[in-house]
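A short write-up of the structure that comes next.
See below:
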């Protein structure tokens, strides 16, 4: 991996940018940046956190993050997470029994089925009393306390005299990043916010380690039953949970479902875009 580190270091020096400046921009500690340039990737807490650091480093000095990640994957022998788009002007081979450029019957049937499924899904959503949180498992659990980012305002908002709510800040947009997630780590991309605010509530004793913007603000410890913990960062929050099934997570007022169903130790990474 030294070739990746040398590429980053040479690119930085060509632009006359110091590691201190990158650390200030990315909120990543300088010793982690030095590890990147030395190709010492074992210092990072998991593959996803390493890729996030590579992306942030590249963006801070004007490199294409996608090209840097592709260089890393190629040197590691890892396949790209998604198929590359077809080159301009390149044509796919015709299916058996069709003329070049025409669509085969199976393709047409697939479109028809997709349209029918979309129509059925739209009808189902329209018949609901309220939208489901995007990270809640599809089960008949009660929706009490789940925040709908489209329709719910800040819990601190007061009603006007005419019954309307005072306008509040726009809700954060939270998306699952399946291309970067693994069996041991789940990654969420967060946009439309200036700060990451994470609240954890433990239903059972749970060991936790946390890094905010790459920094460890407290020693790894055990959360007691019913204990709450608030974490705040401007760019990234990374947590490792020893007993994730007992944890309730609320990020910027939005409750995230699904993590609590895991029985093995699990990492969760939030990255502000």
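In my numbering, the protein residues as written are 100 to 372. Even glycine gets a Cβ: it sits at the ideal position worked out from N, Cα and C. As the structure is a computational prediction, the values presented were derived from the model and not from experiment.
Anticipated Cβ contact below 8 Å, residue i with residue j, distance rounded
i: residue 273; j: residue 289; result: 5 Å
i: residue 366; j: residue 145; result: 6 Å
i: residue 281; j: residue 147; result: 7 Å
i: residue 312; j: residue 334; result: 5 Å
i: residue 361; j: residue 344; result: 6 Å
Pair within 8 Å by beta-carbon distance, residue i and residue j
i: residue 300; j: residue 327; result: yes
i: residue 134; j: residue 142; result: yes
i: residue 102; j: residue 154; result: no
i: residue 305; j: residue 340; result: yes
i: residue 346; j: residue 309; result: no
i: residue 275; j: residue 369; result: no
i: residue 106; j: residue 170; result: yes
i: residue 314; j: residue 129; result: no
i: residue 160; j: residue 110; result: yes
i: residue 342; j: residue 284; result: no
i: residue 295; j: residue 332; result: yes
Residue i at chain B interface by Cβ criterion, 8 Å
i: residue 289; result: Here there is only one protein chain, and chain B is not present.
Residue i: first and last residue of the uninterrupted beta strand (DSSP E) it sits in
i: residue 353; result: 353-355
First through last residue of the alpha helix (DSSP H) which encompasses residue i
i: residue 157; result: 146-159
i: residue 110; result: 101-113
i: residue 175; result: 164-175
i: residue 125; result: 118-125
i: residue 128; result: First-last for residue 128: undefined, no H or E at that position.
For the segment 322-367, list the beta strand (DSSP E) runs that are entirely contained and at least 3 residues long, ordered along the chain. DSSP runs (the beta strand (DSSP E)) wholly in the segment 322-367: 327-332, 335-340, 346-350, 353-355.
Segment contact flag, the segment 308-320 with the segment 346-358, C-beta cutoff 8 Å, min 3 pairs: no
As an exercise, report each continuous beta strand (DSSP E) stretch of at least 3 residues that is fully enclosed by the segment 268-319, in chain order. 272-275, 284-290, 295-301, 305-311
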